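Position in the sequence shown (from 1) plus 1 gives the number in our numbering. All C-beta atoms in this analysis are idealised placements derived from N, C-alpha and C, irrespective of residue type, glycine included. Keep in mind the model is a prediction, meaning the values are calculated, not measured.
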Amino acid sequence: KGYGELAGNRRIAQATGEDVTSGAAMLLSLFIRDPQFQGQTKERLASAEATRLVESAVKDHFDHWLSADPATARVLLERIVERAEERQRRRQQRELARKTATRKLRLPGKLADCSRDSAAGTEIFLVEGDSAGGSAKQARDRETQAILPLRGKILNVASASADKMRANQELSDIILALGTGSGAHYREEGLRYERVIIMTDADVDGAHIASLLMTFFFREMSRLVENGHLFLALPPLYRLTQGDVTQYARDDAHREELLHSAFNGRGKVEVSRFKGLGEMPARYLKATTMDPAQRTLLRVTLPAKPDPAAIELPAEEFERTKALVETLMGRRPELRFDYIQKNARFARDLDV
2 KGYGELAGNR RIAQATGEDV TSGAAMLLSL FIRDPQFQGQ TKERLASAEA
52 TRLVESAVKD HFDHWLSADP ATARVLLERI VERAEERQRR RQQRELARKT
102 ATRKLRLPGK LADCSRDSAA GTEIFLVEGD SAGGSAKQAR DRETQAILPL
152 RGKILNVASA SADKMRANQE LSDIILALGT GSGAHYREEG LRYERVIIMT
202 DADVDGAHIA SLLMTFFFRE MSRLVENGHL FLALPPLYRL TQGDVTQYAR
252 DDAHREELLH SAFNGRGKVE VSRFKGLGEM PARYLKATTM DPAQRTLLRV
302 TLPAKPDPAA IELPAEEFER TKALVETLMG RRPELRFDYI QKNARFARDL
352 DV
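As structure tokens, this is what we get:
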């Protein structure tokens, strides 16, 4: 960028670091004492001393190389400027075309929206925690995948008052981001994404958060569920590695199955457990959970309609499902206790 300004290229001023490095391949070997890393996955070096050393080692040599080969330097500058101008055009188009919740709420750090104008082929991931949201933002397809991080366990709408629900920031963010409204004001035509994907950790806490979210969608946006828009992501809990072979396991049973099938029960297999989505490097999260070509999704459904042409479920089916949700998630613990007593013998996997 500094070379471009010296060369009189005024358009280079709009370029960012991402415009320069996007599509570039670089190899740098650096040895420093007491390195400091950023984030749980330690993928980014944060040592201030390293920044100074790299800049002093690279900057002057690169400036001399550009000055010695102005033809190549001109090509590089034009490429960077084109990327910067294209980035600005896309941003302006999004601001004009999408009257989104992002604009209404001013939440650029909260909702990372996709760039596609229409809902067709797009999806929003409701992600557990800001840390996991950061990994998901790196792993996503910016054109079709949006990310909305949620802080902690959301409100249980089955046991909360209407006033508490309206005052809950996380639920308000979901409603505004989807664009449909909720309850009696739900409008299917306002849905901004084709798929709404709940993506939580592959543990008990993650399952609890997913249950709370499914309760919310059933109570406040049941037509979204009926029309097949709601999904659950299936992130892995384990990574199994032996030499160049890597497999991912959803749970303990799947891990044991892979150990005796994919790895034939022979040799040492390195097994690592992901503590959460925030700990998983973006490339693993993309390959296992977010890439449409490789991932597995579970569609959340309601009982089938006897009449496929019907817009809503029959009243008795809806009431039966509503009663089950009330038993499991409602205010009366005695109903849950009775349900557990009657159905505990059917439980195959218990995680306490």
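>> With distance defined between alpha-carbon atoms, name the residue in 347, 333, 339, 344 nearest to residue 161.
In response: 333
> In this structure, does DSSP put residue 27 in helix, strand or coil?
Replying inline: coil
> Which runs of the beta strand (DSSP E), 3 residues or longer, sit entirely within the region 199-258?
Replying inline: 231-234, 239-243, 246-250
> Among 214, 237, 236, 280, which one has its Cα closest to the Cα of residue 226?
Replying inline: 214
>> Quick check: what's the CA-CA separation for residue 190 versus residue 228?
In response: 12 angstroms
>> Tell me the residue span of the alpha helix (DSSP H) that contains residue 155.
In response: Where residue 155 is concerned, there is no enclosing alpha helix (DSSP H), given that its DSSP letter is neither H nor E.
> At which residues does the beta strand (DSSP E) containing residue 1 begin and terminate?
Replying inline: Nothing in the structure corresponds to residue 1, since the chain is present only between 2 and 353.
> Beta-carbon separation of residue 85 and residue 16 under 8 angstroms?
Replying inline: yes
> For the 8 angstroms Cβ check, are there 3 or more pairs between the region 270-283 and the region 147-167?
Replying inline: no
>> When you compare the CB positions of residue 120 and residue 138, do they come within less than 8 angstroms of one another, or not?
In response: no
>> Is it buried or exposed, residue 267, if we count other Cβ atoms within 10 angstroms and call 16 or more buried?
In response: exposed
>> Count Cβ pairs between the region 326-340 and the region 246-261 that sit closer than 8 angstroms; are there 3 or more?
In response: no
>> Once DSSP output is grouped into helix, strand and coil, what is the label at residue 273?
In response: strand
>> Between which two residues does the alpha helix (DSSP H) holding residue 337 run?
In response: 334-344
>> Can you look up residue 347 in the DSSP assignment and give me helix, strand or coil?
In response: helix
>> Let me make sure I understand the geometry here. Which of 212, 184, 295, 199 has the alpha-carbon closest to that of residue 222?
In response: 184
> When the distance is taken between beta carbons, is residue 287 closer than 8 angstroms to residue 140?
Replying inline: yes
>> So, with DSSP's three-state summary, where would you put residue 126?
In response: strand
>> I want to know whether the region 202-216 touches the region 149-157 - three or more CB-CB distances under 8 angstroms.
In response: yes
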